[in-house]
Amino acid sequence: MQIICHILKMMAPKAYFFERSTLNPANAQKKVLLEFIKRNKKSAYGREHSFNSINSVAEYQKKVPVNSYNNLQPYVDKLLSGEKNILTRDLPVLFGTTSGTTGDPKFIPVTKYSRNKKKEVMDIWVYYIVRDYPDIFCGKILAIVSPEIEGCTPCGLSCGAETGHAYKNLPFLIRSLYAIPYPVFEIKDYNAKYYCILRIAMEQNITTIATMNPSTVVLLCQKIEEFKDSIIEDMEKGTLLKTLNIRDDIRKLIEKKLKPNKKRASELKDIMQKKGKLLPVDIWRNLKLIECWKAGTVGMYLKEFPKYFGDVPIRDFGYLSSEARCSIPTDSDKCCGVLAINANFYEFIPKEDRDKPDKRVLLCDQVELGREYFVIITTPGGLYRYDIDDVVKVTGYYNKTPRIEFIQKGLNVSSVTGEKLYESQVVEAVKKSINKIGLVMEFFTACLQWEEIPRYVFLVEFKEAPPSERKMAFLKSIDDEIKAVNIEYDSKRKSQRLNDPVLKIVKRGAFHQYRVKRVANGAHDGQFKVPQLTKDLEFQKNFEIEEEIYLKNE
Numbered sequence: 001m002q003i004i005c006h007i008l009k010m011m012a013p014k015a016y017f018f019e020r021s022t023l024n025p026a027n028a029q030k031k032v033l034l035e036f037i038k039r040n041k042k043s044a045y046g047r048e049h050s051f052n053s054i055n056s057v058a059e060y061q062k063k064v065p066v067n068s069y070n071n072l073q074p075y076v077d078k079l080l081s082g083e084k085n086i087l088t089r090d091l092p093v094l095f096g097t098t099s100g101t102t103g104d105p106k107f108i109p110v111t112k113y114s115r116n117k118k119k120e121v122m123d124i125w126v127y128y129i130v131r132d133y134p135d136i137f138c139g140k141i142l143a144i145v146s147p148e149i150e151g152c153t154p155c156g157l158s159c160g161a162e163t164g165h166a167y168k169n170l171p172f173l174i175r176s177l178y179a180i181p182y183p184v185f186e187i188k189d190y191n192a193k194y195y196c197i198l199r200i201a202m203e204q205n206i207t208t209i210a211t212m213n214p215s216t217v218v219l220l221c222q223k224i225e226e227f228k229d230s231i232i233e234d235m236e237k238g239t240l241l242k243t244l245n246i247r248d249d250i251r252k253l254i255e256k257k258l259k260p261n262k263k264r265a266s267e268l269k270d271i272m273q274k275k276g277k278l279l280p281v282d283i284w285r286n287l288k289l290i291e292c293w294k295a296g297t298v299g300m301y302l303k304e305f306p307k308y309f310g311d312v313p314i315r316d317f318g319y320l321s322s323e324a325r326c327s328i329p330t331d332s333d334k335c336c337g338v339l340a341i342n343a344n345f346y347e348f349i350p351k352e353d354r355d356k357p358d359k360r361v362l363l364c365d366q367v368e369l370g371r372e373y374f375v376i377i378t379t380p381g382g383l384y385r386y387d388i389d390d391v392v393k394v395t396g397y398y399n400k401t402p403r404i405e406f407i408q409k410g411l412n413v414s415s416v417t418g419e420k421l422y423e424s425q426v427v428e429a430v431k432k433s434i435n436k437i438g439l440v441m442e443f444f445t446a447c448l449q450w451e452e453i454p455r456y457v458f459l460v461e462f463k464e465a466p467p468s469e470r471k472m473a474f475l476k477s478i479d480d481e482i483k484a485v486n487i488e489y490d491s492k493r494k495s496q497r498l499n500d501p502v503l504k505i506v507k508r509g510a511f512h513q514y515r516v517k518r519v520a521n522g523a524h525d526g527q528f529k530v531p532q533l534t535k536d537l538e539f540q541k542n543f544e545i546e547e548e549i550y551l552k553n554e
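In this text, residue positions in the sequence shown follow the numbering used here: the first is 1, and each later residue adds one.
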């Protein structure tokens, strides 16, 4: 209770200020932008773009172009080599990296100032959680993050996951709430890391699970089934499995905390004997909340949660990335959040205007309910009018400030013959099809296959192989659902500019092996996502195909 009072006392003023700001978002946004401009007017970028003469949003839009990462990369490269006062007056303390799942990692400068701005948003998010779930701190938080250090830049600063950096540098009082010591996340061996996480967590009273990607939560649940016998044996003896591939210093740190716990081991054995399996909802009976992404393409994983966790509520992490934290979810019923208007400056391009030469660029008080937009952000870390290539949807308002929901990465649009197939359309078609036919999948991805007449390939790994007729029904349903929402796709299929799609069944365990490979090659474990739609013509070569189902024309 003392910690809860401390958190509420510390964070309530920030939440109050935020709520007052939502009454006049345009004014809040102008203040944020001019604060950034004034702060960085003497930086190299600020001098080149006449920051000293910018006094309004309109002047900023006139003097600063919309930027891709490629536009800003020369400035970032100077920072990487050790130059100062380039994008901001503040020195970087770390270079955050993107997850690496869509190409070469991008290096995002993180300064103390930008880190504090992100922390303010995080604090407000936590405030609403504590308000709604005051007993979540009666136990421990099981959080999973990526390592802080994944490499070193030429200037000597580390590059890696900002989530890992934040976790490692938690204040002592807050750090005591977390179940897993940070060094565990530095274990490179995939299975060893998850074994250690579960070895520690299964002994503890976990009241919150927090990790951005719900696929990580599902994987954790699957690993319980795989490791349960060894973990219970270790628990009885107070040991850590000797065959695990772990650095000596990390092993010593973990083993120092372990003691024989025959009582807890016996409890878990009793659960297995009575129920025939060991589920998270039985292991952690006081679990109050799961915190993870709920929007966009990751939503398919949430369908797995009830069988592992029952009706434990899920709070969305919000719209955030390596570049910025942009929304604050205020309740658990939605997968959207209030635009974080005091943290960054936002502009919005209507999705249909994306490729127009005279595209409209709107401010947060000009967007419309139900419409989808590409987001342009200006951040405290020096990303000016940065096209993050994300699509968001306005789902409502908090006072006068829009609530936004992440829909998809803009890059995940495939258009080989003008069909303009969006990842979100594929995801929705698959969701409806699996519900209609009653299938359970490990993963799904749509990709192009280049032939004389190109076609889409739907790669799928089923948990249990369905009979052939249901596979065919699944393929036909996906095709029909996409046609229903995309008239261009329907037109190209009818005109035979797109060939019939094919369903390719991959070997069991293929998705897991692919994930292991990508993480080993540098993708962030906690943020790892397989795209539900990719334009990579080589993508399917990552998987061993067991069966191909071709659509039968009726």
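In this text, a Cβ means the ideal position worked out from N, Cα and C, and glycines have one as well.
- A Cβ-Cβ distance of about 11 angstroms is found for the pair residue 503 and residue 466, leaving them out of contact under the 8 angstroms criterion.
- Distance check between residue 446 and each of 532, 126, 229, 372 places 532 closest, using alpha-carbon atoms only.
- Judged by DSSP in its simplified three-state form, residue 179 adopts coil rather than helix or strand.
- Non-local C-beta neighbours of residue 449 in its own chain, meaning closer than 8 angstroms and more than five positions away in sequence, comprise 455, 456, 457, 502, 537, 540, ordered along the chain.
- Here DSSP, grouped into helix, strand and coil, assigns residue 187 to coil.
- Restricted to the region 206–238, the beta strand (DSSP E) segments that are unbroken, complete and at least 3 residues in length are 206–210, listed in chain order.
- Counting C-beta pairs closer than 8 angstroms gives three or more between the region 329–341 and the region 392–401, which meets the contact rule.
- Looking only at 441, 7, 490, 347, the smallest Cα-Cα distance to residue 129 is reached by 7.
- With respect to the C-alpha of residue 54, the residue from 67, 39, 470 having the closest C-alpha is 39.
- In the structure shown, the three-state DSSP call for residue 396 is strand.
- Assigned with DSSP and collapsed to three states, residue 550 falls in strand.
- Cβ atoms of residue 133 and residue 289 come within 8 angstroms of each other, at about 5 angstroms.
- Remark: C-beta atoms of residue 12 and residue 364 do not approach each other more closely than 9 angstroms.
- Ranked by how close their Cα comes to the Cα of residue 280, the residues 306, 261, 17 have 306 in first place.
- Under the DSSP assignment, residue 337 falls in the beta strand (DSSP E) whose first and last residues are 337–339.
- Cβ-Cβ distances below 8 angstroms link residue 428 to 481, 485 in the same chain, with the five nearest sequence neighbours on each side left out; the list follows chain order.
- Taking the Cα of residue 224 as reference, the smallest distance to any Cα among 236, 174, 441, 282 is reached at 282.
- Nearest in C-alpha terms to residue 247, of all of 184, 238, 303, 49, is 184.
- Here residue 230 has 241 as same chain residues with Cβ atoms under 7 angstroms from its own Cβ, once five neighbours each way along the sequence are excluded.
- If you look at residue 275, you'll find it in the alpha helix (DSSP H) that goes 262–275.
- Distance between residue 259 and residue 202, taken at the CA atoms: about 13 angstroms.
- Separation of residue 544 and residue 493 (C-alpha to C-alpha, rounded to the nearest whole angstrom) is 28 angstroms.
- C-alpha of residue 195 to C-alpha of residue 298: approximately 24 angstroms in a straight line.
- Classified as buried, residue 421 has 16 or more neighbouring CB atoms from the shown chains inside 10 Å of its CB.
- Taking 9 angstroms as the cut-off, the Cβ atoms of residue 377 and residue 342 do not count as close.
- Taking C-beta atoms as the reference points, residue 245 and residue 189 count as a pair closer than 9 angstroms.
- Considering only 167, 154, 71, the residue with the shortest C-alpha distance to residue 145 is 167.
- By the neighbour-count definition (other C-beta atoms within 10 Å, threshold 16), residue 58 is an exposed residue.
- A distance below 8 angstroms between beta-carbons, with the five flanking residues on each side excluded, links residue 32 to the following residues of its chain, in chain order: 341, 342, 343, 344, 345.
- For residue 295, the CB contacts under 6 angstroms within the same chain, skipping 5 residues up- and downstream, are 335, 405, 406 in chain order.
- For residue 316, the enclosing beta strand (DSSP E) covers residues 314–316.
- For residue 494, the three-state secondary structure derived from DSSP is helix.
- Taking the Cα of residue 433 as reference, the smallest distance to any Cα among 319, 84, 472, 150 is reached at 472.
- Note on the region 87–153: whole beta strand (DSSP E) runs with a minimum of 3 residues are 92–97, 107–111, 140–143, in chain order.
- In this chain, the beta strand (DSSP E) harbouring residue 449 covers 441–449.
- When beta bridges are read from the DSSP output, residue 374 appears opposite 349, 391.
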